[in-house]
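> Here you go, one structure.
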Amino acid sequence: MYEAVHAYPDGDATVARQAMTAARYGYDGIVVRTRAALESGDGDETGDENAPMTDPAAIADEYGVDVVDAVEIDADGPTAASGAVGNRRADHAVVCVVGGDDRLNRYAVEEPRVDVLARPNAGGGGFNHVLAKAARDNEVHVEFDLGPVLRETGGDRVRALADLRKLREIVTYYDAPHVVSTNAGSHLELRAPRELVAVAAEAGFDPEWIREGLRAWGSIAARNRERLSGDFIEPGVRRGRYETER
Amino acid sequence: MGIETWPDVDLGRRAFQRALWYSAGNLLGDAGSADAGLKLLSFSCSGGSGEAVVRVRRGHVEEARAAIACVGAIEGDPVGIRIRGISGTVRACEERYMRRAAGSSTQRDVAFGDAERPAVVREDAYDVRAGSEYVGAAAFDIE
Chain Z
762 MYEAVHAYPD GDATVARQAM TAARYGYDGI VVRTRAALES GDGDETGDEN APMTDPAAIA
822 DEYGVDVVDA VEIDADGPTA ASGAVGNRRA DHAVVCVVGG DDRLNRYAVE EPRVDVLARP
882 NAGGGGFNHV LAKAARDNEV HVEFDLGPVL RETGGDRVRA LADLRKLREI VTYYDAPHVV
942 STNAGSHLEL RAPRELVAVA AEAGFDPEWI REGLRAWGSI AARNRERLSG DFIEPGVRRG
1002 RYETER
Chain E
22 MGIETWPDVD LGRRAFQRAL WYSAGNLLGD AGSADAGLKL LSFSCSGGSG EAVVRVRRGH
82 VEEARAAIAC VGAIEGDPVG IRIRGISGTV RACEERYMRR AAGSSTQRDV AFGDAERPAV
142 VREDAYDVRA GSEYVGAAAF DIE
């Protein structure tokens, strides 16, 4: 199971600290949504030797959890988001587009290059059957953000729960893919998978469905890593040695 | 369960018990909260790390787990909580899960980002003071 986290400088904990905590909590890996937190070959290396560790492979080795290099695109509108997706797609294993308004939600689910529509309910945006069908056809995973359920109280939490319920009804009915996360901004906001399942069960979610959503991050990362590797040509076709034995 | 927070946070037993009750009341309702019957049996926390034993009524473990997971902040300070395990008796619980008494923390200056900054170090965890806030880092970042 994977959790998608925010890391320093976007969050209050470095990638290594998040990885250390996630390993202790029983996760198989973390997806780092913060672009600047990992070096990804797009040339924004600061060259500062005291800066926190940014090499995903080294962190993964140290703590025994997978560290997935992801990017979260938070744009003002579909045009800007589209440009950012085009630029970032080739460098990151997971590309998330932050939704929230109707136009961005619609853009994200209609773009096959996007992996995850993050926080579709965060702003005033809605989700409906048209978007769910598009998400299914384009294999865009819809994120269920449990963060507000864990961290908000009162009316905000009620609204978040109501939005999640509505989203769940639409997404499950049309069989659109989903991911689950808490959008942890620091190691203190992480919760172990069992705890998440328990909270979600109180909110009416099926435990297995939540676990599936946590595992989905891993399968997205695995698929895209293969696609980004130089040997990949198209699904079913890859460059390599021919089979010598049968 | 294990508790983690920023090192400058002074977490009291009463505040923690109150947070547990509020969380249970909000998530499970008054009736559900009474059913779960969360009671703090032992609690210790200093320097950003601590542990606690909570009694829960048999058969209401998952509800209690959910309520505990929803304690996101106590008196405005964020806390990380992890349930280490469950056992039938307090003694078994203490023997099996409370072995890790809060490791002692030390204060020292570390090179982080562009400057030398004071940090509170507890085993592999480094809480680095950056401006008015802390940043959670690990030994791996500092080396």
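Keeping their order, the protein sequence lines are chains Z and E. Numbering-wise (the working numbering), the first sequence opens with residue 762 and increments by one. Numbering-wise (the working numbering), the second sequence opens with residue 22 and increments by one. For glycine and all other residues, C-beta sits at the position ideal for the given N, C-alpha and C.
#1: Could you check what DSSP says for Glu84 of chain E in three-state terms: helix, strand or coil?
#2: Look at the alpha carbon of Asp924 of chain Z and the alpha carbon of Asp936 of chain Z, and state the distance between them as a whole number of angstroms.
#3: In the structure shown, what three-state DSSP assignment does Asp803 of chain Z receive?
#4: Output, in sequence order along the chain, the residues in the region 763 to 775 of chain Z whose CB is closer than 8 Å to any CB in chain E.
#5: Use the C-beta contact count for Ile834 of chain Z: other C-beta atoms within 10 angstroms, 16 or more gives buried, fewer gives exposed.
#6: Using the Cβ count rule (16 or more neighbours within 10 Å means buried), how would you classify Pro881 of chain Z?
#7: For a contact meaning CB atoms closer than 8 Å, what does Ile820 of chain Z contact in chain E?
#8: Using a Cβ cut-off of 8 Å, pull out every chain E residue sitting near Ala959 of chain Z, in sequence order please.
#9: Using CA coordinates, which residue listed in Z:Cys857, Z:Glu963, Z:Val958 is at the minimum distance from Glu969 of chain Z?
#10: Which class does Ala893 of chain Z belong to by DSSP, given the choice of helix, strand or coil?
#11: Do Glu115 of chain E and Leu949 of chain Z have their beta-carbon atoms positioned less than 9 Å apart in this structure?
#12: Taking just the CA atoms, how far does Thr914 of chain Z sit from Val828 of chain Z?
#13: Fully enclosed by the region 51 to 85 of chain E, which beta strand (DSSP E) runs are 3 residues long or longer?
#14: Determine which residues of the region 986 to 1004 of chain Z have a Cβ less than 7 Å from any Cβ of chain E, and write them out in chain order.
#15: Just tell me which of E:Gly58, E:Arg35, E:Ala136, E:Gly101 has its CA closest to the CA of Arg952 of chain Z.
#16: From Tyr788 of chain Z to Tyr824 of chain Z, what distance separates their C-alpha atoms?
#17: Helix, strand or coil, according to DSSP, for Thr139 of chain E in the structure here?
#18: Would you report the Cα separation of Glu806 of chain Z and Val776 of chain Z, rounded to the nearest angstrom?
#19: State the start and end residues of the unbroken beta strand (DSSP E) segment that holds Thr933 of chain Z.
#20: Where do the N-terminal and C-terminal ends of the beta strand (DSSP E) with Pro817 of chain Z fall, by residue?
#21: Run the CB neighbour count on Ala842 of chain Z, radius 10 Å, all protein chains shown included, and call it buried at 16 or more, exposed below.
#22: I want to verify the contact list: residues of chain E whose CB lies under 7 Å from the CB of Glu969 of chain Z, in sequence order.
In short:
#1: helix
#2: 18 Å
#3: Only weak support is given to the placement of Asp803 of chain Z: the predicted model assigns it a pLDDT of 42, under 50, and the value that follows is read from those uncertain coordinates. In this structure, Asp803 of chain Z counts as coil in the three-state DSSP scheme.
#4: Tyr769, Asp773, Ala774, Thr775
#5: buried
#6: buried
#7: Phe161
#8: Glu83, Glu84, Arg86, Ala87, Ala90
#9: Z:Val958
#10: helix
#11: no
#12: 31 Å
#13: 60 to 67, 70 to 76
#14: none
#15: E:Gly101
#16: 11 Å
#17: The sequence shown places Pro at residue 139 of chain E, not Thr. Of the three classes helix, strand and coil, the one that applies to Pro139 of chain E here is strand, per DSSP.
#18: Since pLDDT at Glu806 of chain Z reaches only 46, below the 50 mark, its modelled position is unreliable, and no value is offered.
#19: Here Thr933 of chain Z belongs to no beta strand (DSSP E); instead the alpha helix (DSSP H) covers 915 to 934.
#20: Not the beta strand (DSSP E): Pro817 of chain Z falls in the alpha helix (DSSP H), residues 817 to 824.
#21: buried
#22: Those do not exist, as Glu969 of chain Z stays about 14 Å from chain E at its closest Cβ, beyond 7 Å.
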